[in-house]
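Numbering of the sequence shown is given in this note's numbering, commencing with residue 22 and proceeding in unit increments.
The block underneath contains the structure these notes are about, expressed in C-alpha cells.
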Amino acid sequence: MTTAPLTVLIVDDEPLAHDVLRTYVERVAHLRVAGHCYTAAEALSFLHNQAVDVVLLDIQMPEMSGLELLAALPHPPHIILTTAHAEFALEGYEFGVVDYLLKPVPFPRFLKAVGRLPGAGATPALVPANPPPPAAVVAAPAALLLRDGASTHRVPLADILWLEAYGNYVKVHTAAGRLVVTDTLRRLLAEQLPAPAFLRVHKSYVVPLPQVERLAGNQLTLRNGQMLPLGAAFRQDFLRHWPGTVG
C-alpha cells in the first residue's frame, strides 16, 4: 500500500527562499508542495481553508511574524521554522516545532529536519531524477523585498547601483533613491543577492558587476560616476568575475 505524500506549505516573505525550499521539497519522495504564502496573514487564510501536513515557516515577516502566526493557530500542523536569526530558536521550540533551520539552509540539514516528521524515516527517500542544483544556479528573483522601517519595498535587481554597510543596517542605493534596510551585507549576499552578479568589493560595499565601468588601482568607478574602493581581500575574486579591463 502506497502512503500518500505529506503536503507542505511554504511561508516566507523572500521569493528566493521559496525557490530554494520548493526545490528541496520536490527532491523528497514523500513530500509535495501544497502552496506558497508570502505573509503570515496570507498563510492564516490559506490554513483556514485548506489543511496541510507541514509548514515551512519563516519567523521574521512584515506585519505578523511566524511565531505570532503559530500563536494564532489553535491546531497547527507540523512546523519546521526557517530563519536567519538563531536567537529565536528557544522561543520556537516552546511551540513544539519539529525543527529549526538556520538560513541559508543546506540540503543535508533540510533532509535531517524532514526526517523527523511522522512516517518519514531517519533517511527520507529522494526522487532520483533532476538532482537539486547548487545554490549558485537556483533561479534568482528579478526583484528583492526589502524592509525600510515599517514599509516593505519591491526593488528590481536591475535598479540597484550599490549597497553599503551602515552599522546594523544596509544602505541600498538605487536608481530611484536610497533605502536604509534593517539587515546585513553578509545575509543579503547569502540569501537574496545572486552571485556572481553581485560581489562584495570591500568590507563595506557590494556592487552589481554590470554597474562597474572602470577599475584604476584600487578604485572602482560605477556607471553613474560613483567611486568605491576595492579592498585587497576582495580584488582577486572581483577580477575573476568582472568582464572589464583594468586601467
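The beta-carbon is built from N, C-alpha and C at its ideal position, and this holds for glycine as well.
Query                                                                                                         : Result
THR195 - DSSP class collapsed to helix/strand/coil                                                            : strand
When LEU68, THR195, LEU27, GLN71 are compared against LEU52, the one with the closest alpha-carbon            : LEU27
Coil, strand or helix - PHE219 by DSSP                                                                        : strand
Per DSSP, cross-strand counterpart(s) of LEU122                                                               : THR103
Outcome for GLN213 when other beta-carbon atoms lying within 10 angstroms are tallied against a minimum of 16 : buried
ALA211 beta carbon less than 7 Å from that of LEU230                                                          : no
Simplified DSSP assignment, three categories, for VAL202                                                      : strand
DSSP beta-bridge partners of THR173                                                                           : ARG168
Selection from VAL227, ASP79, GLN71 that minimises the alpha carbon distance to HIS96                         : GLN71
Limits of the beta strand (DSSP E) - the one that GLN240 falls within                                         : 240-243
Euclidean distance between Cα positions of LEU200 and ALA25                                                   : 46 Å
Alpha carbon of ASP40 to alpha carbon of ARG256, nearest angstrom                                             : 31 Å
Proximal residues to HIS223 (C-beta, below 6 Å), its chain only, five neighbours per side dropped             : PRO250, GLY252
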